[in-house]
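So the sequences go chain by chain: A and B.
Per UniProt numbering, residue 1 is the first one in the first sequence, and the count goes up by one each step.
Per UniProt numbering, residue 1 is the first one in the second sequence, and the count goes up by one each step.
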Amino acid sequence: MNRTLELVLALAGAALIVALAYAVPWLRFVLTIALAKGLAVLGILLLLRAGQVSFGHALYLALAAYLVAFGAALVPEALLLLPAAALLAGTVGLAVGLFVVRYREIFFGMLNLALSMVFYSVLEKFYSLTHGTDGIRLPPVRFAGQALEGDAAQWAVLALALVLALAFGALVRVALASPLGEALAGIKTRETRLEFMGVSAKRVLLSAYVASAVMAGCGGAIIALTTRHVTPALAYWTTSGELVFIAILGGAGSVVGPFLGAAAYELTRVYAAALVANAWQLVLGLVLLGVIVFAPGGLWGLIRGATQRKTA
Amino acid sequence: MAVTGRGAGTVSAGVSRREALVGAGAMGGLLLAGRSAQAQGAKSPEKPQEIKVGIATYLSGPASVFGVPGRQAAEMLFDEINAAGGIAGIKVRPIFVDEGPGVDHVVGEYRRLVQSEGVHLVFAAISSADCIACAPLADELKRPTLLWDCGTQRIFEDRRYDFAFRTQANATPEILSALLYLLKVKPDFKSLAVINQDYAWGRDSWDIFRTGMNALKPGVKVAAELFPRFGATDFSTEITRVLALRPDVVLTTSWGGDLDALIRQASDRKLFERATFVMPLAESSLQRVGKALPAGHIVGARGDHWFLHPTPQDPARLKKFSDGYRSRFGSYPIYPCFHMAQAVSAMKAGIEKAVAAKGGGWPTDAEMAAAFKGLEFPSPTSSVRIREDGQGLENQIIGTTLHADAYPFPVLTDMLVFPAESVTTPVGQKSADWLKTLTPDMVAKLPQTVAYKPA
């Protein structure tokens, strides 16, 4: 039941995104950003399964974005920059993960937060390299050797984001149903039992952590390719908070949740900003309060509730 | 407000994704409507019903100390234009967007303004990062864009744009004129300390000041380079350090709450009695800090912006602007208000020029953009010319604080108005290289200062 619903929702969502991006050109940019953030949140979802909240995944977002920004000057090829960014995020994720998976809950969250803020400071302080808060402008990037401009380039990034979202979504769906996914849930319920069964909780969490870093890296690379301007704000704690926020909004029950949440978050934000330029934060806050109070399972929880009622 | 917000919350919580997205799509369609009617880019587009102007400014966050006065000035000036019948007989309407959430958001909003709202012009932005991101977008989306307040000199020194123009100066003349003023009024200083905010502007402005100082007065000892955190509220460490080092001059290019706090704390600890402060942005803080800022310190205004400008081109124009702003918003206009006035004035002059060139017809986006190249337009205090590279040539005013009975805050005396050409990097040169070619005789050629005259 869940499975077909997810599949239908994912495909319908993808089709809807393409249709919206075609009908309303300026939403193309917003939706690409939403997909990129959705990718990063998908990684956070893996960690949420284990009951761990990372307040520092903006680190991997920014790391990848800056790699793309610096790399684009040397190798202006999106299809090379993206895997390179994912690889870098994964490698750093492994190094950081070795330390942070020893900790749980608030300590896990705070350590991640601290490390991402260290990176934020590095980006700001190494002024002659990074131009500090002014950020770096990306030169034009080619896609599979094609020099695309304007609309075509935007479509290419959106397509890339969509493919990545579907692929990682499917992968995480499979992973969650596998022994690894069950072990992650085991960390949340009772870690000692997991160890009694001969499964190393640290190793399980580490693999989830590295995977989440890679996904955040892909998200960061997409953000850099879309906005074509990267600033240290990408590594700031509010960006990490935003990701956790989207995870709650979308709901942690399904791989569709992060993308639902990201789309709802970004669309609410832009429409709120368009309607009330000086009070959009209030609208966003009320929407989120509404979700927390009336739909603790997030948007996904709402949809599943509705379909179950229909079939019952 | 609360009622609609509440309604939006419950609606979102109660609908499915598809319904929400379809709803959003329908909403997008609504916003999109009206755009298709304007044949932008066509050979001879129809005259629009109204001229829509997208304005990026800070409505939230620390920089709203500039953004909100900028928006207020825009509201006042747009009302004035409409009361006088609009531009070329067409009414103007501003659409404000918030820079607060960062570059990602502003880039998205820029696209929305152009592709959905169908604005004819964009004013972007206060943040340098936003300007750097928006200038290439202007060329990509082919929409005339006026950079109305951002400081970085990188934009037109690194690249040329066909659709982006700056209606004000940049960091180089703003900082260089403060340095020249210091060299004129206090030529024998030996050491200097700097307390700047730790972000791009703080670093960039210190770079400009130091490069200029090394060329114009080599051998000054830099006692300390202090970069407190952006948004810091406590400067006791920095003040203690500077009190101990006893430099002759303290430079700070800080602004907003940071500068207010630094001034108040430095005043409490008598630092102003030990060293001369050079504060190129302090004009925007004067009314907030009041007489906590003692007399005898050097203040700049990022241009020739001062409601008591000693030699305005048209005194009646300046008086109308200052008095109009003060009667509507309760304070004297500060430099972002003047920058906004310049952008509005440039818009009016540019559109009128383009319409006249077309014999009364409405210009295409490219024709309108071309009108801004070489355009000279009036500012509240004098006039500004946009050079061939897109950079505006704006005079600079620097003065020394004075406590006058007529005002509850310090006013400027011994004011010096620097002609724009004398302090702006020439076309095609980079500021960092040009500043190195300056020679000390530049100081001798400066005009005389003008003292404060009570009204």
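Glycine residues also receive a C-beta, built at the ideal position from the N, C-alpha and C atoms.
Consult DSSP for residue i and reduce its assignment to one of helix, strand or coil.
i: I155/B; result: helix
i: I239/B; result: helix
i: K436/B; result: helix
i: M117/A; result: helix
i: A69/A; result: helix
i: K320/B; result: helix
i: K445/B; result: coil
i: R3/A; result: helix
i: Q146/A; result: strand
i: P179/A; result: helix
i: D162/B; result: coil
i: Y452/B; result: coil
i: I386/B; result: strand
i: S331/B; result: coil
i: K358/B; result: coil
i: residue 468/B; result: Shown here, chain B extends from 1 to 455; a query on residue 468/B therefore has no answer.
i: A125/B; result: coil
i: G102/B; result: coil
i: D305/B; result: Residue identity differs from the one stated: residue 305/B is His in this sequence, not Asp. Note: H305/B maps to coil in three-state DSSP.
i: E46/B; result: coil
i: E225/B; result: strand
i: L232/A; result: Looking at the sequence shown, residue 232/A is not Leu but Pro. In this structure, P232/A counts as helix in the three-state DSSP scheme.
i: A211/A; result: helix
State buried or exposed for residue i, treating a residue as buried only when at least 16 other CB atoms are found within 10 Å of its CB.
i: D188/B; result: exposed
i: V103/B; result: buried
i: residue 470/B; result: Nothing about residue 470/B can be read from this structure; chain B reaches only from 1 to 455.
i: R326/B; result: exposed
i: S200/A; result: exposed
i: residue 463/B; result: Here chain B covers residues 1 to 455 and nothing more, so residue 463/B does not appear.
i: V174/A; result: exposed
i: P144/B; result: buried
Measuring straight from C-alpha to C-alpha, what distance separates residue i and residue j?
i: L184/A; j: D234/B; result: 45 Å
i: G236/B; j: R142/A; result: Before going on, a small fix: residue 236/B reads as Ser here, not Gly. Looking at the two C-alpha atoms, the distance is approximately 51 Å.
i: P140/A; j: T425/B; result: 28 Å
i: A39/B; j: E46/B; result: Annotation note: pLDDT 40 at A39/B (below 50); position unreliable, coordinate value reported separately. Rounded to the nearest angstrom, the two C-alpha atoms are 7 Å apart.
i: Q342/B; j: D304/B; result: 11 Å
i: A86/A; j: R210/B; result: 41 Å
i: Y22/A; j: D260/B; result: 49 Å
i: P218/B; j: K430/B; result: 21 Å
i: A224/A; j: V291/A; result: 30 Å
i: N170/B; j: S127/B; result: 12 Å
i: P333/B; j: W26/A; result: 36 Å
i: D268/B; j: A292/B; result: 8 Å
i: A295/B; j: A264/A; result: 54 Å
i: P408/B; j: I263/B; result: 16 Å
i: K358/B; j: A73/A; result: 42 Å
i: L182/B; j: G392/B; result: 24 Å
i: L77/B; j: F307/B; result: 16 Å
i: L121/B; j: K188/A; result: 54 Å
i: L313/B; j: P380/B; result: Reading off the sequence shown, one finds Gln at residue 313/B, where the question assumed Leu. In a straight line, the C-alpha of Q313/B is about 8 Å away from that of P380/B.
i: A301/B; j: L412/B; result: 11 Å
i: R3/A; j: L162/A; result: 20 Å
i: L47/A; j: L243/A; result: 12 Å
Have a look at the options and flag the residue whose alpha-carbon is nearest the alpha-carbon of residue i.
i: V65/B; options: L318/B, A282/B, P380/B, A316/B; result: A282/B
i: L63/A; options: L115/A, L206/A, I187/A; result: L115/A
i: C150/B; options: G70/B, Y181/B, A356/B; result: G70/B
i: R166/B; options: L176/B, I155/B, Q396/B, E174/B; result: I155/B
i: M197/A; options: P179/A, A274/A, L164/A; result: P179/A
i: S116/B; options: K353/B, L147/B, V53/B; result: V53/B
i: W300/A; options: L282/A, A272/A, T268/A, V255/A; result: V255/A
i: A444/B; options: R160/B, K436/B, S422/B, A432/B; result: S422/B
i: W255/B; options: W148/B, Q168/B, M279/B; result: M279/B
Beta carbon of residue i: closer than 7 Å to some heavy atom of the ligand FAD?
i: L5/A; result: Because no ligand of any kind appears in the structure shown, any question about the ligand FAD cannot be addressed here.
Exercise. Could you name the residues of the region 102-132 of chain A whose beta carbon sits closer than 7 Å to any beta carbon of chain B, in the order they occur along the chain?
Key: Within the region 102-132 of chain A, the residues whose Cβ lies closer than 7 Å to some Cβ of chain B are E124, Y127, H131, G132, listed in chain order.
Self-check item: Under 9 Å (Cβ pairs) to chain B, residues found in the region 27-50 of chain A
Solution: So the close ones are L27, R28, F29, V30, I33.
Quiz item: the region 196-230 of chain A: which residues have C-beta closer than 9 Å to a C-beta of chain B, in chain order?
Solution: If the cut-off is 9 Å between Cβ atoms, the region 196-230 of chain A has I223, T226, T227, R228, H229, V230 near chain B.
Practice problem: Could you please tell me which residues of the region 134-146 of chain A, in chain order, have their CB closer than 7 Å to any CB of chain B? | Solution: Hits within the stretch, in order: D134, G135, R137.
Quiz item: Residues in the region 265-282 of chain B with C-beta within 9 Å of chain A's C-beta atoms, listed in sequence order?
Solution: Cβ contacts with chain A come from no residue of the region 265-282 of chain B.
Quiz item: In chain order, what residues of the region 144-167 of chain B put their CB closer than 8 Å to some CB of chain A?
Solution: Answer in chain order: T152, R154.
Exercise. Return the residues of the region 265-276 of chain A that lie within a Cβ-Cβ distance of less than 9 Å from chain B, sorted by chain order.
Key: Within the region 265-276 of chain A, E266, L267, T268, R269, V270, Y271, A272, A273, A274, L275, V276 place their CB atoms closer than 9 Å to a CB of chain B, listed in sequence order.
Practice problem: Give, in chain order, every residue of the region 87-107 of chain B whose Cβ lies closer than 7 Å to some Cβ of chain A. | Solution: For the region 87-107 of chain B, the set of residues with a beta-carbon nearer than 7 Å to any beta-carbon of chain A comprises F96, V97, D98, G102, V103, D104, V107, in chain order.
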